[in-house]
Structure formats: C-alpha cells, structure tokens
Amino acid sequence: QYVRNTLGMSVCCIAQLSDLLTYLSTQTGNQMGQHLPKVQAYRDRYGV
C-alpha cells in the first residue's frame, strides 16, 4: 500500500503470506525453516 499510495506505482502480488508459510513449513532441514515461527508470529500479530 505504501508504494501504491506514496509513490504512485502499480503493485501486483506474486505470492501471499500463506504461500511463504507453506514454503517455510517444508524447509525443516535447512536454515530457511528457522524463520517459520517468526513469520507465523507476524501473521498472528498483524492478522495478515
């Protein structure tokens, strides 16, 4: 919203937060998976 409203640029969504959560949940054997709890906490806090 910031980019669209402040800069007047078009923005398109190529992935949603749920897509990121799904991806991170499959990454248990590498460093990417460690970010899952923080991303879930973000969603819980901001309701996105």
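Using the numbering used here, read the sequence shown as starting at 148 and increasing by one per residue.
Note that CB positions come from ideal geometry on N, CA and C, so glycine has one too.
Contact under 8 Å by Cβ, residue i with residue j
i      : j      : result
Gln174 : Gly180 : yes
Leu171 : Arg190 : no
Inter-residue spacing [alpha-carbon to alpha-carbon] between residue i and residue j
i      : j      : result
Leu183 : Gly194 : 16 Å
Leu154 : Thr169 : 31 Å
Leu167 : Ile161 : 11 Å
Arg151 : Lys185 : 26 Å
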